[in-house]
Amino acid sequence: MSTTTLLLLLVLVGVLTYLYRYAMIGLFASRSLPAWLHALCRHIAPASFAALTASALFVAGGEVDFAFDTPRPWAALVAVLVAWRTRNVLATIGAGMAALYLLKLLFPT
Numbered sequence: 336m337s338t339t340t341l342l343l344l345l346v347l348v349g350v351l352t353y354l355y356r357y358a359m360i361g362l363f364a365s366r367s368l369p370a371w372l373h374a375l376c377r378h379i380a381p382a383s384f385a386a387l388t389a390s391a392l393f394v395a396g397g398e399v400d401f402a403f404d405t406p407r408p409w410a411a412l413v414a415v416l417v418a419w420r421t422r423n424v425l426a427t428i429g430a431g432m433a434a435l436y437l438l439k440l441l442f443p444t
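Numbered by this note's numbering, the letters in the sequence shown go through residues 336 to 444 in order.
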């Protein structure tokens with residue numbers, strides 16, 4: 336692919352993305368969403384985060400592997416427990432990272 340073609344493709348994708356997002360804002364900015372759609376939209380961010388987290392924890396080499404012989408699932412469990420007990424984002428991140436670091440010493444790869 337030539338440099339000119341790549342640049343034109345990038346500009347085209349940028350313009351289409353801008354138009355798509357502007358259309359959503361322009362069409363729905365002055366309208367209120369129905370209650371069922373508003374309730375559904377509240378779950379988009381947690382569902383996206385769960386999908387990203389699950390894939391980081393349980394996908395290795397393009398295949399789903401529910402193995403608990405690696406440190407990541409155990410560190411995630413520690414982070415979940417800290418989040419549940421403290422409801423503190425910084426404590427959750429700190430505990431999860433500390434657990435991951437310590438568990439990597441126990442589970443050498």
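Glycine included, each C-beta is placed from N, C-alpha and C at the ideal position.
Checklist entry - Rounded to the nearest angstrom, how far is the Cβ of phenylalanine 384 from that of proline 406, given a contact under 8 angstroms? => result Looking up residue 384 in the sequence shown gives position 49. Looking up residue 406 in the sequence shown gives position 71. Not a contact, Cβ separation roughly 20 angstroms.
Checklist entry - Among Leu354, Ala418 and Leu412, which has the Cα closest to the Cα of leucine 435? => result Here residue 435 is taken as the residue at index 100 of the sequence shown, counted from 1. Nearest C-alpha to leucine 435: Leu412.
Checklist entry - In whole angstroms, what is the alpha-carbon distance linking alanine 430 and leucine 362? => result Against the sequence shown, residue 430 aligns to sequence position 95. Against the sequence shown, residue 362 aligns to sequence position 27. Rounded to the nearest angstrom, the two C-alpha atoms are 43 angstroms apart.
Checklist entry - In three-state DSSP terms, what is alanine 395? => result Reading the sequence shown from its first residue, position 60 is the one you call residue 395. It is a strand residue.
Item to check | Cβ-Cβ distance between leucine 438 and tryptophan 409 below 8 angstroms | outcome: Taking the sequence shown and counting its residues from 1, one reaches residue 438 at position 103. Taking the sequence shown and counting its residues from 1, one reaches residue 409 at position 74. The answer is yes: Cβ separation under 8 angstroms.
Checklist entry - Can you give the Cα-Cα distance for proline 369 and alanine 414, rounded to whole angstroms? => result As a working note, residue 369 is residue 34 in the sequence shown. As a working note, residue 414 is residue 79 in the sequence shown. Using only the alpha carbons, I get a separation of about 35 angstroms.
Item to check | leucine 437 - containing alpha helix (DSSP H), residue span | outcome: If you number the sequence shown from 1, residue 437 lands on position 102. Note, leucine 437: alpha helix (DSSP H), 424 to 441.
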